[in-house]
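Chains as they are written, first to last, in the numbering used here: chain A, 219 to 542; chain B, 219 to 542.
Written out as structure tokens, the structure reads:
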């Protein structure tokens, strides 16, 4: 597939589950190419069958290893599994945290598992927009489960994990204070809590802490149809994954058939729309201001104006007077 | 100072080094209040004397402890030290990673040290904008050294650390693979490398790795007047801090008197201006689209349109037809 394939044709190939077409369509979504938008609109209209699982956890929580173990079990049950990994992009190399997915090689020969790292480079709203497009592409391609794996640092990363049918937060025993504190903001978004590395003796304490927190009433009243379970797993000895898969399936059923589930889907649509709109607006601004920025920067540097007045001027000059 | 103080009066109080005025002015910057902009513009015009140090490192690298130890030594040398800590905001609680600054209590009785955690809640560009305003406020208040401490995860966080006179990247021995990989994108921005926890036996290897990487030519040719040093410190036994302070001072002198230093300051001005403009634009958009979002989200949810077409409509509807 080295020739240029029109986006419309690509959609049909995606729908046939052709891996090269999936890869290419995601790349076009990631690049934010305007000519891909019609195809992505078509993809959106066809999507909606997959169970989308958002999975997040702090660095060092063993997320990737756990995702692999989970994917292998879902595969064994006959489900095709797509994994979209969201990494904060590095400022120069564009490299990604999870670029080195050595631990995922067990799955790499299996056409029923597709893993994609999203490397978005900073256009605001772009990461969320492209990630949700990638999820739709995998959905249309016939992947019954799509896992969005994000590192649980940064508001966008946490919000993307939340924009799923089921949100899983992974904790691990034995992480340092600074890491534990990052976690605080993530705990409330969990539909299912997972404690990884449960072969370790100190995992019991992490399990108890989470259960204690839930008993204390965090998240109560939000969705009374669902009690957030805490599941311990070990990717090392394989324990806990049956229970986890059962919890995911149960949550999906609740989410599909309750009013709070419907409200959540509308909220996700709102999040997606806002991110797409922000991305659109920022792209327009980036294009329009690019030829002007150096001149304005030099003015600011020599104190010919202040950041606020010059920023106002830059927006006005970029979008024309009528938009200031 | 419980009555409302007009921003103009607040500027004078900041310039007198009054701590409550500093705190209040930073809060107004953080909130992005339009009525604070004139005062912040005035602050900008008066700023420019402090040595601004951007310091970043992965979670668990011992940044906060190291910053405290560094601040204590700078204080001992007679310098007033401001610390601006940039935390990814949590999605619900607005809590911050470094909110619990227990380790900083050694410094808490000293009026010559001011520590502020920035808790910005997601308006795009807002964190960078507010952080740079906070730095200026401390500068004008007479703090000779201002340290911007950011967690080295997330593009914005890394970019803010780069937007300083001198950028310090903190590494630590013995962190896991996932953590080490996050670091990759940060290494190239260092003007000074610090390896913390050098009382540990495995720190030598981290030092050698960094030195080896620099020998291999990373960052060569960018600024030939400056050779990036690698400094080992231990907050536990106090070693290495004299060498670190000397490296910071030497870098500052080089940065102040070279063409590449001047170019960097223009680039920082460009970054600041872009972030301020983005923030301005996103605030306008957020205000304008708020009453429309639910209706659009419901349309997207029932597939009456796709994310791209509806996002375009939302932008157009928010800013009026002439701005679509």
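Just so it is clear, CB atoms sit at the ideal spot from N, CA and C, and this is done for glycine as well.
- Between residue 407 of chain A and residue 369 of chain A, the gap from beta carbon to beta carbon reaches 9 Å or more.
- Secondary structure at residue 382 of chain B: coil, using DSSP grouped into helix, strand and coil.
- For residue 362 of chain A, the closest alpha carbon among the candidates A:456, A:332, A:346, A:380 is that of A:332.
- Going by beta carbons, residue 499 of chain B and residue 499 of chain A fall inside the 9 Å limit.
- Residues of chain B whose Cβ lies closer than 9 Å to the Cβ of residue 515 of chain A are, in chain order, 484, 485, 486, 487, 488, 489, 490, 491, 492.
- Closest in alpha carbon position to residue 360 of chain A, among A:508, A:298, A:522, is A:298.
- If the five residues before and after residue 429 of chain A are omitted, its C-beta is found closer than 8 Å to the C-beta atoms of 448, all from its own chain and listed in chain order.
- Around the beta carbon of residue 274 of chain A, 16 or more other beta carbons lie within 10 angstroms, which makes this residue buried.
- Think of a sphere of 8 Å around the beta carbon of residue 511 of chain A: the chain B residues whose beta carbon falls inside it are 488, 491, 492, in chain order.
- Around residue 527 of chain B, the beta-carbon contacts reaching into chain A at under 7 Å are 259.
- Shortest Cα-Cα distance from residue 221 of chain A to any of A:232, A:230, A:233, A:238 involves A:238.
- Residue nearest to residue 229 of chain A within the set A:258, A:248, A:253 is A:258 (criterion: CA-CA distance).
- Close CB contacts of residue 486 of chain A within its chain, under the 6 Å cut and outside five residues either way in sequence, are with 381 (chain order).
- Taking a C-beta distance under 9 Å as the contact criterion, residue 276 of chain A and residue 301 of chain A do not qualify as a contact pair.
- Put simply, the CB of residue 507 of chain B is near chain A, with a gap under 9 Å to one of its CB atoms.
- Per DSSP, the unbroken beta strand (DSSP E) holding residue 411 of chain A starts and ends at 410 to 413.
- By the Cβ-count criterion, residue 474 of chain A is exposed, with fewer than 16 other Cβ atoms from all chains shown falling within 10 Å of its own Cβ.
- Looking at the backbone, the Cα of residue 334 of chain B and that of residue 431 of chain A are separated by about 29 Å.
- Residue pairing by DSSP puts residue 332 of chain A in a beta bridge opposite A:300.
- For residue 503 of chain B, same chain residues with a beta-carbon under 8 Å away, outside a window of 5 residues either side, are 533, 536, 537 in chain order.
- With a 10 Å radius around the Cβ and a threshold of 16 neighbouring Cβ atoms, residue 495 of chain A comes out buried.
- Setting aside the 5 residues that flank it on each side, residue 260 of chain B is surrounded in the same chain by 229, each with a C-beta closer than 7 Å to its C-beta; the list follows chain order.
- Taking a cut-off of 8 Å on C-beta distances, the region 517 to 526 of chain B does not touch the region 235 to 250 of chain B, as fewer than three cross pairs fall below it.
- The DSSP assignment places 459 to 475 as complete runs of the alpha helix (DSSP H) inside the region 444 to 495 of chain B, in order along the chain (cut-off: 4 residues).
- For the C-beta of residue 530 of chain B, the chain A residues within less than 7 Å are, from N- to C-terminus, 498.
- Closer than 9 Å to the CB of residue 343 of chain A there is at least one CB belonging to chain B.
- Using a 10 angstroms sphere on the CB of residue 424 of chain A, the tally of other CB atoms reaches 16 or more, which defines it as buried.
- A residue is called buried when at least 16 other Cβ atoms come within 10 angstroms of its Cβ; residue 467 of chain A does not meet this threshold and is exposed.
- Around the CB of residue 420 of chain A, fewer than 16 other CB atoms lie within 10 Å, so the residue is classed as exposed.
- Under DSSP, the beta-bridge partners assigned to residue 273 of chain A are A:367, A:386.
- Residue nearest to residue 293 of chain A within the set A:479, A:478, A:459, A:280 is A:459 (criterion: CA-CA distance).
- A Cβ of chain B is located within less than 9 Å of the beta carbon of residue 262 of chain A.
- Of all residues in the region 405 to 423 of chain B, only 406, 407 come within less than 7 Å of chain A when Cβ atoms are compared, listed by chain position.
- Each residue's CA atom was taken as its position, placing residue 278 of chain A and residue 391 of chain A some 10 Å apart.
- For residue 285 of chain A, the enclosing alpha helix (DSSP H) stretches over residues 281 to 294.
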